[in-house]
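Here's the structure, in structure tokens; my notes come after.
2 protein chains.
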Amino acid sequence: MSLLVVGSMAFDSIRSPFGEVEKVVGGSATYFSLAASYLAPVRLVSVVGADFPPAVIRMLGSRSIDTRGLTVAEGKTFHWKGFYEYDLNTAHTVTTELNVFRDFAPVLPEEYRDTPYVFLGNIAPSLQLDILRQMRRPKLVALDTMNYWIESSPGPLREVIDKVDILMVNEGEIRMLTGEYNLVKGARKVIGWGPSRVVIKRGEYGVLHLSDGTMFAAPAYPLETIFDPTGAGDSFAGGFMGYLAGRKGGDLADSDFRLATMYGSAIASFTVEAFSTERLQNLTPEDIAERLGSFLALTEFRV
Amino acid sequence: MSLLVVGSMAFDSIRSPFGEVEKVVGGSATYFSLAASYLAPVRLVSVVGADFPPAVIRMLGSRSIDTRGLTVAEGKTFHWKGFYEYDLNTAHTVTTELNVFRDFAPVLPEEYRDTPYVFLGNIAPSLQLDILRQMRRPKLVALDTMNYWIESSPGPLREVIDKVDILMVNEGEIRMLTGEYNLVKGARKVIGWGPSRVVIKRGEYGVLHLSDGTMFAAPAYPLETIFDPTGAGDSFAGGFMGYLAGRKGGDLADSDFRLATMYGSAIASFTVEAFSTERLQNLTPEDIAERLGSFLALTEFRV
Numbered sequence: 113m114s115l116l117v118v119g120s121m122a123f124d125s126i127r128s129p130f131g132e133v134e135k136v137v138g139g140s141a142t143y144f145s146l147a148a149s150y151l152a153p154v155r156l157v158s159v160v161g162a163d164f165p166p167a168v169i170r171m172l173g174s175r176s177i178d179t180r181g182l183t184v185a186e187g188k189t190f191h192w193k194g195f196y197e198y199d200l201n202t203a204h205t206v207t208t209e210l211n212v213f214r215d216f217a218p219v220l221p222e223e224y225r226d227t228p229y230v231f232l233g234n235i236a237p238s239l240q241l242d243i244l245r246q247m248r249r250p251k252l253v254a255l256d257t258m259n260y261w262i263e264s265s266p267g268p269l270r271e272v273i274d275k276v277d278i279l280m281v282n283e284g285e286i287r288m289l290t291g292e293y294n295l296v297k298g299a300r301k302v303i304g305w306g307p308s309r310v311v312i313k314r315g316e317y318g319v320l321h322l323s324d325g326t327m328f329a330a331p332a333y334p335l336e337t338i339f340d341p342t343g344a345g346d347s348f349a350g351g352f353m354g355y356l357a358g359r360k361g362g363d364l365a366d367s368d369f370r371l372a373t374m375y376g377s378a379i380a381s382f383t384v385e386a387f388s389t390e391r392l393q394n395l396t397p398e399d400i401a402e403r404l405g406s407f408l409a410l411t412e413f414r415v
Numbered sequence: 113m114s115l116l117v118v119g120s121m122a123f124d125s126i127r128s129p130f131g132e133v134e135k136v137v138g139g140s141a142t143y144f145s146l147a148a149s150y151l152a153p154v155r156l157v158s159v160v161g162a163d164f165p166p167a168v169i170r171m172l173g174s175r176s177i178d179t180r181g182l183t184v185a186e187g188k189t190f191h192w193k194g195f196y197e198y199d200l201n202t203a204h205t206v207t208t209e210l211n212v213f214r215d216f217a218p219v220l221p222e223e224y225r226d227t228p229y230v231f232l233g234n235i236a237p238s239l240q241l242d243i244l245r246q247m248r249r250p251k252l253v254a255l256d257t258m259n260y261w262i263e264s265s266p267g268p269l270r271e272v273i274d275k276v277d278i279l280m281v282n283e284g285e286i287r288m289l290t291g292e293y294n295l296v297k298g299a300r301k302v303i304g305w306g307p308s309r310v311v312i313k314r315g316e317y318g319v320l321h322l323s324d325g326t327m328f329a330a331p332a333y334p335l336e337t338i339f340d341p342t343g344a345g346d347s348f349a350g351g352f353m354g355y356l357a358g359r360k361g362g363d364l365a366d367s368d369f370r371l372a373t374m375y376g377s378a379i380a381s382f383t384v385e386a387f388s389t390e391r392l393q394n395l396t397p398e399d400i401a402e403r404l405g406s407f408l409a410l411t412e413f414r415v
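Chains as they are written, first to last, in my numbering: chain B, 113 to 415; chain C, 113 to 415.
Below, the structure is given as structure tokens:
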């Protein structure tokens, strides 16, 4: 089944202890779409400026990514400039130039409106709500957000969280959102609001996935070379939702969400091995299967 | 088989967001011995002052802990005073009163010298070396250390590390010790020095266990109430080494070290549920088996 993503497409300028790149392709919807495209057909909703390379849009379209929901607007593409220290878990922002993203108010193409799987990337909660209003009974909706919206837009954010199935945030965000330092208590609070699952992203420490009756902890893969963590969270989300959308079979069981978590982790572990989408866009199904096997070897024990 | 531990016994005065305690029983050898005593007979080497409660020594002796190597010296017991903020991964020291521990220079009882399993707790590297010199061909030796010794005693520390089988440290310590920020690279460097395994303790994020050809990642158990992380690392080490020492069967395989890691994690997860050794000293074999089962449920997935 297909999978709709709404989010940013951007140019990123990034400095890390391992190098520096200027205006490379990034953005949450870009990373998400590429990651998910290995597993399910994707419908992309985003906006870029006239300066965005048409070759990249063609590259996306040549995969299983439907770009009819991508608007090319007059003006410049969203540009994020930031850096990482050795602690790759913390991104430091230098500048954020919203450019064409400032007026982003997506109207879904008619044929997108009954997409069963939906990922609402990190954009204004009012826009996330607006997308949901345009959808017809999606089967599963996941949502990402960030500290900026938690502080500046708590009302609409809470309204949209209450309507989704899965909240995907990092540790700092769930603490800020719930006022609970303890992650288990925080997740329980969110589950009381409406979502049935909370996925807490912990960077190099992996992922904690909580539902009403179960907990699942997945490590990140201990890589020897991590170049650039940008896009890891969105690649994770893309692998996660891509697995669920692409899967054959009936109702989703807890074991499906666990395997989705591992697909997300596996694909995200490739993203950080290079700047931009370089590694992510050049995977084979064998690469992904092999990394899943490595994750199994990394976590397996017998009592 | 039996298991020798050398380390501190102490009074701890601790403040955390969840309460405050004054001069409760602590120390690395105390936590280690109690944790290991569920799984193997322990031989304890430490020193306390005349102010240390005889009832606690009797309690240790009433379990499978041999206290002939425990010296009761004139003077006061080692006293650590510290606090935790909400981030329970970081202990802030207020004062350290070494007291009788300042002159600790253990001479092993004759019947201790052929103990097959040895844990060298966090004490001066020169003392750790001295203990090793008194042992006859131990089967497996693990070592803990801390930033203080890495800075002040690099020569003797390196000498003792080269002689042990397993180095158990936290993330900051392996970085400081090896000059490598990346944990996989740091572990590889240590393995090049002599140890065959490196166990990296990451507090609430669990444990990363690396050997020459394998990696194993174990999460910490996501608890809803964590009162006091003091002693978690030593309880982990006690469960880990206790499992290996108590196990029946021939040569140790990688799967044994994995299960040892889970025993350590399970027992440590009880330690943090209360101040001091309160919870740790009141476990049943069923508690431990049940927690191991919970860890399996926490990490299991099928590809």
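Using N, Cα and C, we set each Cβ at its ideal position, and we do this for glycine too.
Close Cβ partners of residue i (< 6 Å) along its chain, the five nearest in sequence each way excluded
i, result
"K193/B", "S125, V206, T207"
"S238/C", "P268"
"A429/C", "Residue 429/C lies beyond the residue range present for chain C, which begins at 113 and ends at 415; the question has no answer from this structure."
"V183/C", "Here the sequence assigns Thr to residue 183/C, which means Val is not the residue at that position. Cβ neighbours of T183/C beyond the five flanking positions: V159."
"A332/C", "E316, G318"
"A344/B", "A380, T383, V384"
"V253/C", "V230, V276, D277"
"T227/B", "S114, L116, R155"
Distance between beta carbons of residue j and residue i, contact taken as under 8 Å
i, j, result
"V154/C", "S140/C", "Actually they do not touch by this definition, with Cβ atoms about 13 Å apart."
"R346/B", "Y143/B", "The amino acid occupying residue 346/B in the given sequence is Asp; Arg does not appear at that position. Right, the Cβ-Cβ distance comes to about 4 Å (below 8 Å), so this counts as a contact."
"I286/C", "G298/C", "5 Å"
"L232/C", "L255/C", "4 Å"
"I273/B", "S120/B", "The Cβ separation is near 20 Å, so there is no contact."
"S377/C", "A330/C", "5 Å"
"F387/B", "V133/B", "5 Å"
Residue i, enclosing beta strand (DSSP E) - first and last residue
i, result
"M280/B", "278–282"
"F190/C", "190–196"
"V160/B", "154–161"
"E115/B", "Inspection of the sequence shows that residue 115/B is occupied by Leu rather than by Glu. Run containing L115/B: 115–118, per the beta strand (DSSP E) assignment."
"R309/B", "309–313"
"A329/C", "327–330"
"A299/B", "Not the beta strand (DSSP E): A299/B falls in the alpha helix (DSSP H), residues 295–305."
"G187/C", "No beta strand (DSSP E) contains G187/C, which DSSP labels as neither H nor E."
"A122/C", "122–128"
"L320/C", "319–323"
Neighbourhood of residue i by C-beta distance below 7 Å, restricted to the same chain and skipping five residues each side
i, result
"D163/C", "K188, T189"
"R127/B", "F195"
"F328/B", "H321, R370, T373"
"R359/C", "D368"
N- and C-terminal bounds of the alpha helix (DSSP H) containing residue i
i, result
"L269/B", "266–275"
"T411/B", "397–411"
"Y375/C", "366–383"
"F352/C", "344–358"
"A148/B", "140–148"
"S174/C", "166–174"
"R414/B", "Per DSSP, R414/B belongs to no alpha helix (DSSP H) and is neither H nor E."
Straight-line Cα distance separating residue j from residue i
i, j, result
"E390/C", "L241/C", "32 Å"
"E416/C", "L279/C", "Only positions 113 to 415 of chain C appear in the structure, and residue 416/C is not among them; the question remains open."
"R170/B", "P221/B", "19 Å"
"V302/B", "K313/B", "15 Å"
"V157/B", "D368/C", "50 Å"
"T411/C", "L404/C", "11 Å"
"Y198/B", "P129/B", "6 Å"
"G291/C", "L244/C", "26 Å"
"E336/C", "R309/C", "31 Å"
"V415/B", "E402/C", "11 Å"
"A217/B", "A185/B", "12 Å"
"W261/C", "N211/C", "19 Å"
"N294/B", "R300/B", "10 Å"
"T202/C", "A148/C", "25 Å"
"S406/B", "G173/C", "45 Å"
"P334/C", "F348/B", "21 Å"
"H204/C", "L200/B", "24 Å"
Residues near residue i by beta carbon distance below 8 Å, same chain, minus five either side
i, result
"Q393/C", "L146, M171"
"P165/C", "V137"
"E263/C", "M288"
Residue-level contact to chain E via CB, residue i, 8 Å cutoff
i, result
"A329/B", "Judged by its chain identifiers, the structure shown contains no chain E, and its protein chains are B and C."
Could you give the uninterrupted runs of the beta strand (DSSP E) lying entirely in the segment 195–251 of chain B, keeping only those of 3 residues or more? List check, beta strand (DSSP E) in window: 203–209, 229–232.
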